[in-house]
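Step one of this worksheet: look at the structure below.
Number of protein chains: 2
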Amino acid sequence: MSKYFLAMDIGGTKTTGALFSEDGKLVDDYTYVRKSQTFKGEEVVYQNTKKVLDKVIEHFGIDMNDVLGIGVGSPGPLNTEQGIVIHAPLMGWKNFPIAKRLQKDFEKPVKIDNDGNLGALAEQRCGVAVGKQNVMYITVSTGCGGGLVINGEIYHGKNDGAGEVGHMSIQPEGKECPCGAKGCFEMYASGTAINKKVREDIRNGQKSMLWEESEHNVECIDGAMIMRAASKGDPYALAVYREEGYYLGVALSNVFNLFSPEVLVLGGGVTKAKKYFHEEMMKGIEERCIQKPREEQIRYSVMNDKVVLYGAYCLISDFIKREKKTNQRA
Amino acid sequence: MSKYFLAMDIGGTKTTGALFSEDGKLVDDYTYVRKSQTFKGEEVVYQNTKKVLDKVIEHFGIDMNDVLGIGVGSPGPLNTEQGIVIHAPLMGWKNFPIAKRLQKDFEKPVKIDNDGNLGALAEQRCGVAVGKQNVMYITVSTGCGGGLVINGEIYHGKNDGAGEVGHMSIQPEGKECPCGAKGCFEMYASGTAINKKVREDIRNGQKSMLWEESEHNVECIDGAMIMRAASKGDPYALAVYREEGYYLGVALSNVFNLFSPEVLVLGGGVTKAKKYFHEEMMKGIEERCIQKPREEQIRYSVMNDKVVLYGAYCLISDFIKREKKTNQRA
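Note that the protein sequences, when read in sequence, are chains X and Y. Going by the numbering used here, the letters in the first sequence line up with residues 34 to 363, in that order. Going by the numbering used here, the letters in the second sequence line up with residues 34 to 363, in that order.
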């Protein structure tokens with residue numbers, strides 16, 4: 034009889050649920066795009082989130098007796114040990130016991146962690162860093178996040194505080210970040226930062242085909258549009274990605290100098306433009322690292338937007354395996 | 034019958050040897066100041082280094098049968114697994130098998146590691162971070178170095194590359210560092226950087242009692258002199274340490290955001306001026322950390338210049354304990 038795991042990737046604007054076979058095959062996933070409903074209170078948001086799993090279960094006609102557990106990727110900060118979302122403004126959650134609630138509703142073990150950590154775990158268990166003991170995962174997307182796997186396990190740090198690579202200061206007196214600090218990495222390298230900079234530049238008269246492509250509607254310029262301009266050889270768009278490579282080079286060098294991972298995996302939407310920033314990024318790493326990493330120590334995720342789901346599967350599947358072992362011993 | 038460990042702190046200009054009781058009491062240490070003799074070749078430098086242990090043994094009249102092993106702190110980069118110094122320009126060593134040589138000469142097990150890692154280990158085993166599982170040690174001295182203990186053990190990273198906190202970029206286009214990069218932390222916060230900046234400022238007409246105190250001989254201004262000026266309320270000297278606190282705040286925040294250690298321990302000569310930089314440093318940490326560390330997560334080393342010796346003792350004593358266990362099991 035086949036057994037399954039459920040996995041969930043809870044995001045600020047959409048939530049995805051997925052079904053995994055016991056041995057880690059993604060059977061299928063279902064995405065639910067949620068309009069922001071935080072004003073309706075944490076309970077409504079929770080019910081809407083939970084519905085994603087209901088849909089997955091319904092769609093595949095799974096008998097819940099065949100489900101071994103549920104892994105969840107959640108926006109944070111979190112208390113992963115207790116399964117609590119400490120604060121997720123976009124969900125309207127504050128100290129919300131997501132694990133306990135799902136556990137009660139589905140009567141299955143539930144484990145939660147954040148996107149960055151699950152990314153690192155997924156890559157180390159079944160991605161481009163398989164079998165490596167020490168792995169850093171960095172996602173460059175709307176924001177920049179990260180996670181660490183050390184000695185084969187997620188490294189959380191005190192109060193689940195590790196992996197906040199987006200708030201590494203790379204310009205101590207630079208751009209102001211909503212976090213209260215200045216010069217955070219994500220103020221320069223995230224998709225949001227790129228879009229903002231490009232819109233400002235074009236508005237200020239920067240020459241680029243993006244002015245025509247956006248039909249003079251600067252606010253509609255986004256990552257896909259900038260990437261298209263780069264692919265057509267627009268010198269400005271290409272320069273934007275070279276700058277992206279520069280900032281990635283600085284941030285990744287800091288990670289290598291401090292932590293020297295066997296593999297550093299880059300993921301997130303912005304990495305779709307890797308062919309435009311990779312060279313500049315590697316130049317920075319070459320210049321700034323005390324122990325120059327080899328080319329093969331820097332990899333790009335191939336799981337793309339599924340990486341958190343895979344990580345959530347690995348998280349709960351690990352937990353169940355450990356439980357089994359403990360029970361066998363007892 | 035009492036058993037002992039020998040420990041050694043090999044530095045660029047001086048080497049210290051020490052005798053530890055089996056349970057970690059520092060019996061006494063002996064420092065040998067070596068004039069640079071690299072021109073005489075690696076063998077002469079090795080013999081002079083080895084002599085420090087000969088002196089310790091002779092001085093205490095120890096029977097070598099009572100010595101369990103030798104722990105060594107060495108300048109690097111190192112291959113700690115094989116006990117090789119990959120490159121130490123000040124010693125004239127290149128791929129020098131220090132562990133094997135000492136092992137042969139003293140017929141005892143030898144373990145080596147670098148200052149930063151041994152600092153972290155010493156603080157975690159018998160210093161201000163006792164019992165904490167995840168500890169970062171940062172030394173602010175001639176240069177800036179660091180080390181990590183994760184899950185109670187030294188974390189080396191790939192190719193022993195972890196802990197290079199001195200080369201964390203905090204100003205990507207800032208001061209040029211001999212390492213080839215720009216804006217490295219140690220170009221701003223090390224004792225060398227402070228002295229250089231102060232000398233330049235005074236030479237350029239900066240008002241300070243240091244001009245009188247140095248008897249107009251700017252080149253003789255050093256850390257002790259600057260600290261003395263600060264203690265007498267010299268506004269310029271005080272501003273220098275506030276700036277030191279600012280850079281420490283940036284660097285330590287990056288460490289907390291990335292790694293979230295339970296305790297971060299600061300050591301090295303520059304920390305003698307802590308009362309002049311601590312407030313500014315904590316302000317930076319407060320502003321820049323996503324998870325604000327508590328006051329008690331930031332500690333100052335009390336082992337001072339003995340920290341590497343203690344770390345070297347812990348290193349070899351751990352190794353011997355592990356060997357014993359393995360043998361008992363076999």
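Glycine included, every Cβ here is placed at the ideal spot set by N, Cα and C.
Check	Outcome
If you draw a straight line from the C-alpha of K144/X to the C-alpha of K305/X, how long is it?	30 Å
DSSP state of K229/Y, grouped into three classes?	helix
If W126/X sits next to E197/X, beta carbons under 8 Å apart, how far is it from one beta carbon to the other, in whole angstroms?	Actually they are not in contact, since the Cβ atoms of W126/X and E197/X sit about 19 Å apart, beyond 8 Å.
Contact between the region 297–316 of chain Y and the region 157–174 of chain X: three or more CB pairs below 8 Å?	no
Hey, does K208/X have any beta-carbon neighbour from chain Y nearer than 7 Å?	no
How is Y170/X classed by DSSP in three states: helix, strand or coil?	strand
So who's on the other strand from F38/Y, going by DSSP bridges?	F53/Y and G102/Y
Assign Y188/X to one of three DSSP states: helix, strand, or coil.	coil
Within 10 angstroms of its Cβ, does P122/Y collect 16 or more other Cβ (buried), or is it exposed?	exposed
Assuming L342/X is part of the beta strand (DSSP E), what are its boundary residues?	Note, L342/X: premise wrong, no beta strand (DSSP E); alpha helix (DSSP H) at V340 to R362.
How many whole angstroms separate the CB atoms of G224/X and S293/Y, which I take to be in contact at a CB cut-off of 8 Å?	With 8 Å as the limit, G224/X and S293/Y do not qualify as a contact, their Cβ atoms being about 25 Å apart.
Would you report the Cα separation of S286/Y and E245/X, rounded to the nearest angstrom?	43 Å
Could you compute how far the alpha carbon of V55/X sits from the alpha carbon of V89/X?	Note that residue 55/X is Glu in the sequence shown, not Val. The alpha-carbon atoms of E55/X and V89/X are separated by roughly 16 Å.
Answer yes or no: does any C-beta atom of chain Y fall closer than 7 Å to that of K201/X?	This sequence places Met at residue 201/X; Lys is not what is there. So yes, M201/X belongs to the interface.
Can you round the beta-carbon distance between V298/Y and E156/Y to whole angstroms, since I take them to be within the 8 Å contact cut?	4 Å
Compare the C-beta of N228/Y with all C-beta atoms of chain X and state if any pair is closer than 7 Å.	no
In whole angstroms, what separates the C-alpha of E328/X from that of V296/X?	10 Å
Just the C-alpha distance for K354/Y and C212/Y, rounded to the nearest angstrom, thanks.	38 Å
Under 7 Å Cβ to Cβ from F128/Y, same chain only, skipping five residues before and after it: list those, please.	The sequence shown places Asn at residue 128/Y, rather than the Phe named in the question. Within the same chain, N128/Y has close Cβ partners I117 and I119.
Which stretch, first to last residue, makes up the beta strand (DSSP E) that contains R332/Y?	I331 to Y333
Consult DSSP for H120/X and reduce its assignment to one of helix, strand or coil.	strand
Which first and last residues belong to the alpha helix (DSSP H) in which G256/Y is found?	G256 to S264
As a quick exercise: from G278/Y, F93/Y and G302/Y, pick the residue whose alpha carbon is nearest that of I318/Y.	G278/Y
Return the first residue and the last residue of the alpha helix (DSSP H) that C159/X is part of.	D148 to C159
Give the secondary structure of K58/X by DSSP, where H, G and I count as helix, E and B as strand, and everything else as coil.	coil
Which bits of chain X does E320/Y rub up against, with CB to CB less than 7 Å?	G213 and A214
Below 8 Å, can you find three or more Cβ-Cβ pairs linking the region 220–237 of chain X to the region 246–256 of chain X?	yes
Given a threshold of 16 other Cβ atoms within 10 Å of its Cβ, counted over all protein chains shown, does M97/Y qualify as buried or as exposed?	exposed
Please state whether the Cβ-Cβ distance between D99/Y and Y37/Y is less than 7 Å.	yes
Distance, Cα to Cα, H200/X vs D267/X?	31 Å
By alpha-carbon positions, which one of L59/Y, A345/Y and K316/Y ends up nearest to A284/Y?	K316/Y
Using the beta-carbon of each residue, which ones in chain Y are nearer than 9 Å to I323/X?	P110, G194, E197, G199, H200, C212 and A214
Do you know how far the Cα of A40/Y is from the Cα of G282/X?	39 Å
For chain Y, check one thing: does any of its Cβ atoms lie closer than 7 Å to the Cβ of E75/X?	no
Candidates Y280/X, I349/X and S241/X: which alpha carbon is nearest L151/X's?	I349/X
For the ligand ATP, is there any heavy atom lying closer than 6 Å to the beta carbon of G216/X?	You won't find the ligand ATP in this model; it holds no ligand whatsoever.
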